[in-house]
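Working notes for the structure below.
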Amino acid sequence: MGLVEDHCSDSRAPASSTSPLGGSAGSADALPSASDLVDARRAGASGVKAGPIKRTRTQTDEEASLLEKLLEETEAADAKEYVPLKKRKAIREQLLKKQLQALSAHLETEEGAPGVNDSDKDEETKQKEAKQKEAAISKARLDFRKTLLATSRKLRQEAEKNKKDVVQEIEEEEQRILEQVSKSLGAPLQGVRERAKGIVYSKRMATSWTMPAKYREMTEAEANEVRERFFVDVNGTDVPPPFRNFKDMRFPQPILDALKKKNITAPTQIQMQGIPALLQGRDLIGIAFTGSGKTLVFTLPMLMGALESEMRSPYVAGEGPWGLVVCPSRELASQTTDVVNFFATALHEGGYPQLRSLCMIGGVSTQEQAAFIRNGVHCVVATPGRLTDMLNKRRMGLNQCRYLAFDEADRMVDMGFEEEVRNVLDCFGHQRQTLLFSATMPRKIQEFAKSALVDPIVVNVGRAGAANLDVIQEVEYVKQENKLPYLLHCLQKTEPPALVFCENKKDVDDIQEYLLLKGVEAVAIHGGLAQEERSEAVRLFKEGRKDVLVGTDVASKGLDFPAIQHVINFDMPKEIENYVHRIGRTGRCGRTGVATTFINKNSEETVLLDLKALLIEAGQRIPPFLDALDSRGLNLKEIGGVRGCAYCGGLGHRIGQCPKLESQKRQTQGSTGKDYLTSGSRYGGTGKYGGEW
């Protein structure tokens, strides 16, 4: 009891008793502050003897911990004490040594883990584990001794390695997408009879044409030298040499005279290589920039074949056609028919038999067209919609057709026209000479089109999808509300006539109305107009009675207006292919033209990147707002043998970001509920062109 009482009496000390920390227990001011403690410690470190802190009893562990914590917090608030570099290295070295020892101990523990009997391991396994252990320890030592320079070098090497891996990953992903696209395209471009019976043609079409002796004796090296001089790239077997003049192609004199009337004195690059190949009966894929004379390449050989067939056995009622040309729009079909009729008339005036040709397009009476066919026809130029209708109604047959040409073939073979193309091929029960021509034809479309050809020749003048170098391309940033006033300003850059392109029909009508109110003679053309109105607008514009033609992309495919000096894109098209076709309406046949394009925040970044890459390729000026866009270096590199997008041909993006492919995917999902990129083949539909036929 006494001990307890003494303890209790101690614990109940009076308020004036001394605190363990040297102050009065009942007064808060009696405790020393943190700064007093630090001052006392610093004074001791500097050799000045500080007054002792009085304690009335032994300091407990809890009180010592509290004191230490106060000291640490105070020192943390002050500037940290400087530690020499040598000392820091020594501390780091000790830490790394401890980690190395822990790693060695861990490896030894794994070796001696229960359940593993060293006697059960063969000698080779033991050596392998020993090497792994030694390699791990060596790596740890190397990491410990590695300098900053060595570490930086290693990081750069790893980054370079990862970069290569990224390129390889992109290539593999694109290959996967292309394989899925191939599945979506379905069966090869063959007729149903050929697919059902497994018929594969291996022999070329025979013709009576022979090349002059000087070309037969020309070596392959000499032919390649001429091709390199004119930037002609060919791919195929037994390719004929390029011809430097039309006379060597052995055309009849009336054809040569008609060419002179059109001021055509020498063949262009695509003509000097393409026409001899077609006269030999070869299947052909012809790719050349806009305004390079592709129409003559397939019309003149067709006329020669039809003329030979007529002279051998004259056509009677109900026979024909011998040649068929398919075009994506009515205006292009009408223009091609005019070319065929011009040379057919020249042949007839020169004493040769009359060759009859028909333009088979929508908006014209089918009764009149059927009556023309019943009288016998040698050549037919048609749009896919009307041609399919006439074939399905059996108002025309293709039993005698030996020559099939697709103009602007990238659209013909593209997703939207696949069914129409197959319907045409299903009507053939025999071999024919097949040709495909366009200014834009991506590699994947070329490969798919080759399934319809026999031992084809691919003639490429420049890159497929490249812009005409004779066109000066200007890009202007114009706000949406300022476009119409600025259009008037742009029209004053050059003399009329001029072309204005828009994406939709409503803008076409609004622009025409605005220009008419401002006193500008303008006409319009789009798919919503009647065929008579469209034909009348084109005729007035060609005759020079109207200064401006405003139209949608229906006027951009292949139409030839030689006098046009200026093309204005009122808005940027959603696909770079359409841009190339639009600006290709000027700068034709060696003339120089100007193309002005309005862009603003409504333009999609993907197509702007394609536009920037196209301008760089053509050596054109890059405006600051385009130059600021990230060009994404990997998009411009050649990966897997492909620059840019393998699907649409755009240079500013890869196939994984292709807006055209995404649009096709959404369109198919919306109509069928399936993703054609994963569900296999799809058929049907007319794409975006429905009303434009």
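Using my numbering, you'd call the opening residue of the sequence shown number 3 and step up by one each time.
All C-beta atoms in this analysis are idealised placements derived from N, C-alpha and C, irrespective of residue type, glycine included.
- Membership of H568 in the beta strand (DSSP E) is indicated by the continuous run H568 to N571.
- Going by C-alpha positions, P278 is about 34 Å away from L180.
- A residue is called buried once 16 or more other Cβ atoms fall within 10 Å of its Cβ, and P86, having fewer, is exposed.
- When only Cα atoms are considered, T127 and S106 end up about 19 Å apart.
- In the DSSP secondary-structure assignment, A500 is bridged to V550 and H568.
- In the structure shown, N462 falls within a strand segment according to DSSP collapsed to helix, strand and coil.
- Straight-line measurement puts the Cα of V228 at about 42 Å from the Cα of G399.
- Within its own chain, the residues whose Cβ lies closer than 7 Å to the Cβ of S605, once the five positions on either side in sequence are excluded, are M574, listed in chain order.
- Boundaries of the alpha helix (DSSP H) around V510: K507 to L519.
- The region 440-459 and the region 482-492 do not touch, with fewer than 3 CB-CB distances between them shorter than 8 Å.
- Under DSSP, R584 forms no beta bridge with any residue.
- Counting every other CB atom within 10 Å of its CB across the protein chains shown gives I272 a total of 16 or more, marking it as buried.
- Judged by DSSP secondary structure, S359 falls within the beta strand (DSSP E) whose first and last residues are S359 to M362.
- Sorting A290, R197 and T239 by C-alpha distance to the C-alpha of G464 places A290 at the top.
- Here S154 is exposed: its Cβ has fewer than 16 other Cβ atoms, across all protein chains shown, within 10 Å.
- By the neighbour-count criterion, in which 16 or more other beta carbons inside 10 Å mark a residue as buried, V202 falls on the exposed side.
- In the DSSP assignment, T598 falls within the unbroken beta strand (DSSP E) covering G595 to I601.
- If the five residues before and after P243 are omitted, its C-beta is found closer than 6 Å to the C-beta atoms of Y217, M220 and A225, all from its own chain and listed in chain order.
- Taking 7 Å as the cut-off, the Cβ atoms of V328 and T338 do not count as close.
- Between M414 and V382, the C-beta gap is not smaller than 7 Å, which leaves the two residues out of contact.
- As computed with DSSP, G325 is found in a beta bridge with C381 and Y405.
- Across the structure, K520 and G530 are spaced so that their CA atoms are roughly 24 Å apart.
- DSSP places F627 in the helix class (H, G or I) of the three-state scheme.
- Leaving aside the five residues that flank R206 on each side, the residues in its chain whose CB is nearer than 7 Å to its CB run, in chain order, G283, R284, V456 and D457.
- R376 is not a Cβ neighbour of G322, given a cutoff of 7 Å.
- Taking a contact to require three or more Cβ pairs closer than 8 Å, the region 338-358 and the region 258-266 qualify as touching.
- The shortest C-alpha to C-alpha distance from D472 to any of G307, R94, V194 and T292 is the one to T292.
- Spatial neighbours of Q275 in its own chain (CB-CB distance under 6 Å, excluding positions within 5 residues in sequence) are listed in chain order as V234, P244 and V461.
- Excluding the 5 residues flanking it on each side, Y317 has same chain C-beta neighbours closer than 7 Å at G378 and H380, in chain order.
- Per DSSP, I201 lies in no alpha helix (DSSP H) and is assigned neither H nor E.
- The Cβ atoms of E476 and T594 do not sit closer than 7 Å to each other.
- Taking C-beta atoms under 8 Å as the contact rule, N247 and A215 fail to qualify, at a distance of about 16 Å.
- A direct Cα-to-Cα measurement between L501 and K485 gives close to 15 Å.
- A direct Cα-Cα distance of roughly 6 Å separates D409 from S440.
- In the three-state reduction of the DSSP assignment, E449 falls in the helix class.
- With distances taken between CA atoms, L561 lies nearest to V540 out of V540, N571, K130 and Q103.
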